[in-house]
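Enquirer:
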Amino acid sequence: MPNVMQQLFLMNIESLLKEYAAYRTFNKSDCVINMRIPRPILDKIKELADQQHVPYQSLISSVLFSLANTDESK
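The working numbering applies: residue 53 is where the sequence shown begins, and numbers increase by one.
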């Protein structure tokens with residue numbers, strides 16, 4: 053059985069973004085975070101976001117949303 057991180061990478065990014073967009077309809081962001089990550093990782097995230105025609109911050113938020121809402125009992 054794949055772990056949580058493997059499940060996230062196997063998920064279709066488009067469906068992940070749709071799920072997050074539905075959540076955002078009723079739940080607005082009210083917190084700001086600041087973090088440092090290696091440039092190659094950010095570049096890859098931006099590339100993935102460009103492929104989906106979404107802002108890279110939305111892609112990061114959708115991944116964090118999915119992580120926070122993953123039911124590990126599945």
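Ideal Cβ positions, reconstructed from N, Cα and C, are used throughout, including at glycine.
This one's a predicted model, so the numbers in the text were calculated from it and none came from an experiment.
#1: What are the boundary residues of the alpha helix (DSSP H) that residue 115 is part of?
#2: Let's test the definition: count the other Cβ atoms within 10 Å of the Cβ of residue 115 and tell me whether it reaches 16, buried, or not, exposed.
#3: Going by DSSP in three states, residue 93 sits in which element: helix, strand or coil?
#4: Suppose contacts are defined by Cβ-Cβ distances below 9 Å. Is residue 104 in contact with residue 65 by that definition?
#5: Assuming residue 106 and residue 68 form a contact by the criterion Cβ under 8 Å, report the distance between their Cβ atoms to the nearest whole angstrom.
#6: Around the Cβ of residue 94, are there at least 16 other Cβ atoms within 10 angstroms (buried) or fewer (exposed)?
#7: For residue 91 and residue 113, I'd like the C-alpha separation in whole angstroms.
Expert: According to the structure data:
#1: Your numbering for residue 115 matches position 63 in the sequence shown. Element bounds for residue 115: 108-120.
#2: Working through the sequence shown from its first residue, we reach residue 115 at position 63. Buried.
#3: Reading the sequence shown from its first residue, position 41 is the one you call residue 93. Note: residue 93 maps to helix in three-state DSSP.
#4: By 1-based counting over the sequence shown, the position of residue 104 is 52. By 1-based counting over the sequence shown, the position of residue 65 is 13. Remark: C-beta atoms of residue 104 and residue 65 approach each other more closely than 9 Å.
#5: For the purposes of this step, residue 106 is identified with residue 54 of the sequence shown, where counting begins at 1. For the purposes of this step, residue 68 is identified with residue 16 of the sequence shown, where counting begins at 1. Actually they do not touch by this definition, with Cβ atoms about 10 Å apart.
#6: Taking the sequence shown and counting its residues from 1, the one referred to as residue 94 is at position 42. Exposed, because fewer than 16 other Cβ atoms sit within 10 Å of the Cβ of residue 94.
#7: By 1-based counting over the sequence shown, the position of residue 91 is 39. By 1-based counting over the sequence shown, the position of residue 113 is 61. Roughly 18 Å between the two C-alpha positions.
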